[in-house]
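**Student:** Each residue of the sequence shown is one higher than the one before, counting from 1 in full-length UniProt numbering.
Here it is: the structure, laid out below.
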Amino acid sequence: MTREQVTFCRICEPFCGLIATVEGDRLVSLRPDPDHPTSQGFACPKGVAYAEVQNDRDRVLHPLKRQPDGEFLRVTWDEALDDIAARLRDTRARGGGDAIGMYMGNPGALNFSLSLWSALFMGAMGSKRLFTSGSQDTNSRFVASQLLYGMPLVFPIPDVAASEFVVVLGANPVVSHGSLVTMGRIKDRLHEVVARGGRVMVVDPRRTETAREFEWLPITPDSDAWLLLALLHELDAAGLIDTRAMERVADGWPSLRTQLARFTPEAAEVHTGIPAERTRALARDLVCCKAVVYGRTGTSLGQHSTLVNFLIDVVNLVSGNLDARGGSIFAKPVTPLLDKLGEKAGMFSYGERRTRIGGFPDVMGMEPAVNMPAEMTTPGQGQLKAMFVVAGNPVLSVPDGNALEAALPQLDLLVAIDLYINETGQHADYVLPSTAMYERDDFPLFASSTYAKPFLQVTNAVVPPAGEARLEWEILDEIARRVKQGRIKALLSRALKKWGLGLNPGLVRSLLIETGREGRKFGLRPRGYTVKNLLREHPHGVLVGDEQPVGWLQQGVIRHSDNKLHLDHADIANEVERLATRHGDPAYPLRLIGMREARSENSWMHNVPSMRAARPAHAARMHPADAEALGLLHNGKVRLVSKSGEIEINLLVTEDLKPGVVAVPHGWGHGGRSSWRRAASEGGANSNLLASSEPGDIEQLSGSAHLSGIPVRAERVGT
Ligand SMILES: Nc1nc2c(c(=O)[nH]1)N[C@H]1C(S)=C(S)[C@@H](COP(=O)(O)OP(=O)(O)OC[C@H]3O[C@@H](n4cnc5c(=O)[nH]c(N)nc54)[C@H](O)[C@@H]3O)O[C@H]1N2
Ligand SMILES: Nc1nc2c(c(=O)[nH]1)N[C@H]1C(S)=C(S)[C@@H](COP(=O)(O)OP(=O)(O)OC[C@H]3O[C@@H](n4cnc5c(=O)[nH]c(N)nc54)[C@H](O)[C@@H]3O)O[C@H]1N2
Ligand code: SF4
Ligand SMILES: [Mo]
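Here it is in C-alpha cells:
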C-alpha cells in the first residue's frame, strides 16, 4: 500500500518541508512540501535524493566487527554491546573516564535525540572529552559571542526580510542554503532585497553561485579582518558613528578605537586586494540604510577567525545595524533548552579547562578536533584510549587525516555509529548501524535560536529502521547501561522517575515544546502548542510570529553583568597585533579555499547515483592568469603543495576566481575499506591533507582549524 507522510529534511539548516511517499515499510521518494510555511515547495537536490541514501545497498544494516585482516564481519547487537561495554570498563579502570572520547560530526547537530544523548552519554562515562565538527565550523563564532555578549550561544542572524543592503562575507547561501540562520528559500529572500530596491553584495575570493546572482567584490582569502578594521577606521574617521547611541549598549569602544590607526583603507588594500575607494564606499553604504554584514564558514576558518567574527558584530554595531530592523538581529529561541536550561546545566562554558595538547580553551565543552591524534598518542593522564565517532568523518573533514589514520589503530577501542563505513569508521573495532533521518522522530532543536521567522515543527519517523539499525541515543543508552552506570541521568531524570517515567528523547521533546515560549504550559496556555497538537493540526509546521524582535539586546540577550557588549579584550587586542605583523611565505604564494557544491554534503552523499550523474568530477579551480604562469592546463592535473602536505588533483581553469586563489571542494578522497563503493570509484583528493595540525597553526582563542586561505603552491604533474 502506498501512503504519503509530511516530514522535513535535516541535512542542512533550512529544514525544508518534504512529503515522503512510502510503500509498505519502504521510503520510495521525497518531494518538496508546497504547504510548508517557509520552504514553500522548495527542496534542493540533496533533500530529494535522500531516499537513495535511505535505500543505499552500501548502507550498514547490521553491527559489524573488524577482523584482524581489516574485513568487517556481522555480529549480533549483544555481542557488540557487551564487548564494547567490557572494554570501556577496562579503559576507565586504567585511565579514568577522560580516557574515553567522542567525536560527533555535523549530522549530529541536526539530530535532536543524538545531540542531547551524546552529552548525557559522556556524562555517564565520566568523561569531558568531546570533539565535534564545531572546531572546523562554528566555534570561532561562539567564542566571539562569548567575548561580546558573555554567552557563546548568543549570535545574531541577518534580518534579510527587512534589509536594504546585505553584505555576504564568506558565505555561499545559494549553495549552502544558509548557515547559522534558518531561512527557507534563502536565495529568493535575497532576491527580494534587490526587488525592493536594495542590494546584496558578496565579498568572496570566488565568484560563487551567490555572487553570480548579485554583486561580487573579490577579496584575498583570510584578509577579512583587514577589511573589517578598515571599515571601522573609515566609519570613525569620517565621523559616521553615533558614538553616544553605541556607548549606551557597548563598553570599551575607546580602547578598540586606539587600535584602528594603522588600518586605513589604503593599508588594508595591500592585504585584501580591495581598492581603498571601494572600502570607503562600503563603509558609507553600511550607514546609509538598513544594512547587515553576514559571515559564515569563509570567515570562521582563517587564521584570525575569532577576531573576524568579533569584528563583524562590531561593524554592525557601530554602523547602527546591530539589534536593528533590517540589520543583524537576535532571534528569541522558541524552546527553552538553548538558553535557560542549557545555561543552568553549565553547558555554555568557555575556557573552564585547557586542553592537554596546545592548551586550548574548551568551547562549550568541546576540544579542537585537530588535536585528536596527539591526544591519542601522547602518554600521560588523559591520553585517549577509547573513542566513539558518531555521525562524523574526521579523517576527511579535519586537518591532516593521515595523522588521525595513523593514530586510530593505537586506540584500545574505536566505535563508529554511522550509516556507512566511512574513511574514519574503516579503522573502527565496531561499526554500529544507525537509523537514517526518516527512521526517527525529530525536532529542529538546533534551529531554535536561528529561525528568521519563529517556527515550530515536529515529525515522527516515516518508516521503521532498516535492517538492524538502531537510534543513536538507544545505542548510547544501552552501552551506558551495560557499563553499569545505570540509565543515563540528566537534570530531570530523578524527578521524572518519581512519577515512574524514564528519560527519553520523546519526553524531552514534549517538555521542550510544552514549556517553550509558545507551549501549552501544561494547560496554562490552553491554545499553546504540544507535540500532539503540532503533529495533528500542524504537520507542515507553524509560524509562531512574523519576524524576530529587535531592540531587546539589553533585555535578555547580553549576559555580562553590566548588561553591555564588551569591546575591549586583551585577547582581541593581541589578535589585532598579530594580524598587523603577519607575514606570508614566498614559497607558498597561492591561497587555498574550499567550495561547497550543490550536490554534495561535506564528505557524504557522494554515494548517491542521481547526484553523481549531475555533479562535476572532483577538481581544483584556478584563474587563467595563474594557470598560464605555471604552465597548467584546463582539465589537466595539478599538484598542490603546502608546508603540511600535498595532493594531486584535476584542474579546471576559470575566471570565477580571484587571481592567486585555488578552490578545492573538501570531503573527497574516498576509498580504503569504506563501504561507499560508488563514491570511492569517483576518485578525488582530500584537500585537508594540505591543512596544518600543528598547535601553533590553530586559532588560539577558539581552537578552530585553519581550513581557508591555506598558503600553497601549485605544480604541473608530469611533463
Ligand atoms: N577544507 C574544509 N574542511 C571542512 C570544511 C570546509 O569548509 N573546508 N567544513 C567543515 C564543516 S563546516 C563541517 S560541518 C565538517 C563536517 O565534518 P564531519 O561532520 O566530520 O563529516 P561529514 O562529512 O559531515 O560526515 C558525516 C557522517 O555522518 C554520517 N551520517 C549522516 N547522517 C547520519 C545520521 O543520521 N546518523 C548517523 N549516525 N550518521 C549519519 C554520514 O554517513 C557521514 O559518514 O567538515 C569541515 N571540514
Ligand atoms: N550543498 C551543500 N550545502 C551545505 C553543505 C555542503 O557541504 N553542501 N554543508 C553545510 C554545512 S556543514 C555548513 S557549515 C554550511 C556552510 O555554509 P556557507 O558558509 O554559506 O557555505 P560555504 O560554501 O562554505 O561558503 C563559504 C564561502 O566563503 C568563501 N571564502 C573562503 N575563504 C574566505 C575568506 O577568507 N574570506 C571571505 N570573505 N570568503 C571566503 C568561499 O569561497 C565560500 O564561498 O553549508 C551547509 N550546506
Ligand atoms: S536545502 Fe538543506 S534542508 Fe533543504 S532540502 Fe536541501 S538539504 Fe534538505
Ligand atoms: Mo558545517
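Beta carbons: idealized from backbone N, C-alpha and C, even for Gly.
1. Considering Ala281, what are the terminal residues of the alpha helix (DSSP H) in which it resides?
2. So what's Ile329 in DSSP terms, helix, strand or just coil?
3. Alpha carbon to alpha carbon, what distance is there between Ser133 and Glu247?
4. Using the rule of at least 16 other Cβ atoms within 10 Å of the residue's Cβ for burial, across every protein chain shown, is Ala43 buried or exposed?
5. Using only the alpha-carbon positions, how far apart do Lys453 and Gln548 sit?
6. Sort Ile11, Val48, Leu116 and Leu147 by Cα distance to Asp568 and report the nearest one.
7. Only counting the same chain, and skipping five residues up and downstream in sequence, which positions put a Cβ closer than 8 angstroms to that of Cys289?
8. Assess, as a yes-or-no matter, whether the stretch 175-183 is touched by the stretch 7-14 under the definition of 3 or more beta carbon pairs within less than 8 angstroms.
9. Just the C-alpha distance for Val154 and Val557, rounded to the nearest angstrom, thanks.
10. Report the residue ranges of all beta strand (DSSP E) runs contained in full by the stretch 372-424; include only those spanning at least 3 residues, in chain order.
11. Report buried or exposed for Ala466, applying the criterion of at least 16 other Cβ atoms within 10 angstroms of its Cβ.
12. Under three-state DSSP, which class holds Pro152?
13. Tell me which same chain residues have a C-beta within less than 6 angstroms of the C-beta of Thr208, skipping the five on either side of it?
14. Could you tell me if Phe446 is buried or exposed, where buried requires 16 or more neighbouring beta carbons within 10 angstroms of its beta carbon?
15. Among the candidates Asp224, Glu52 and Asp251, whose CA atom is the shortest distance from the CA of Gln554?
16. On a CA-only basis, which of Glu628, Thr459, Ala283 and Arg196 is nearest Gly541? Give me that one, please.
17. Is Val167 near Val292, with beta carbons less than 8 angstroms apart?
18. Starting from Trp77, trace the alpha helix (DSSP H) both ways and give me its first and last residue.
19. Given a cut-off of 8 angstroms on the beta-carbon distance, is the pair Ala705 and Val370 in contact?
20. Which residues does DSSP list as the beta-bridge partners of Gly101?
21. Does the beta-carbon of His634 have 16 or more other beta-carbons within 10 angstroms, so that it is buried, or is it exposed?
22. Measuring only the C-alpha atoms, how far is Asp159 from His427?
23. Skipping 5 residues on each side, what residues in its chain have a beta carbon closer than 7 angstroms to that of Thr515?
24. Could you tell me if the beta carbon of Asn688 falls within a distance shorter than 7 angstroms of some heavy atom in ligand 4?
25. Roughly how many whole angstroms lie between the Cα atoms of Leu491 and Pro505?
26. Taking Cβ to Cβ, would you say Leu632 is nearer than 8 angstroms to Leu652?
27. Pull up the distance between the alpha-carbon of Leu27 and that of Glu375, whole angstroms please.
28. For Leu64 and Pro152, I'd like the C-alpha separation in whole angstroms.
29. Would you mind stating whether Leu229 and Leu190 have Cβ atoms separated by less than 8 angstroms?
30. Considering only heavy atoms of ligand 4, list every residue whose Cβ is less than 6 angstroms from one of them, following chain order.
31. Following the continuous beta strand (DSSP E) through Leu18, name the residue where it begins and the one where it ends.
32. Examine ligand 2 and report whether any of its heavy atoms sits within less than 7 angstroms of the Cβ of Thr279.
33. Report the rounded CA-to-CA distance for His583 versus Leu590, giving the unit in angstroms.
34. Please classify Ala691: does DSSP put it in a helix, a strand, or coil?
35. May I ask you to list the residues that DSSP assigns as paired with Ala211?
**Tutor:** Quick answer:
1. Ala276 to Cys288
2. Strand.
3. C-alpha separation (whole angstroms): 36 angstroms.
4. buried
5. 6 angstroms
6. Leu147
7. Glu164, Phe165, Gly198 and Gly326
8. yes
9. Roughly 7 angstroms between the two C-alpha positions.
10. 386-390 and 413-418
11. Taking every protein chain shown into account, the CB of Ala466 has 16 or more other CB atoms within 10 angstroms, so this residue is buried.
12. coil
13. Asn172
14. buried
15. Asp251
16. Thr459
17. yes
18. Trp77 to Gly95
19. yes
20. Arg129 and Met387
21. Exposed: under 16 other Cβ atoms inside 10 Å.
22. Looking at the two C-alpha atoms, the distance is approximately 45 angstroms.
23. Pro336 and Lys521, listed in sequence order.
24. no
25. Because Leu491 sits at a pLDDT of 44, beneath the cut-off of 50, its placement in the model cannot be relied upon, and the following sentence gives the value as read from the coordinates. The C-alpha of Leu491 lies about 13 angstroms from the C-alpha of Pro505.
26. The Cβ-Cβ distance between Leu632 and Leu652 does not fall below 8 angstroms.
27. 41 angstroms
28. 38 angstroms
29. Taking 8 angstroms as the Cβ cut-off, Leu229 and Leu190 do not qualify as a contacting pair.
30. Asn106, Ser133 and Asp137
31. Gly17 to Glu23
32. Checking every heavy atom of ligand 2 against the Cβ of Thr279, none is found closer than 7 angstroms.
33. 14 angstroms
34. coil
35. Answer is none; Ala211 lacks a bridge partner.
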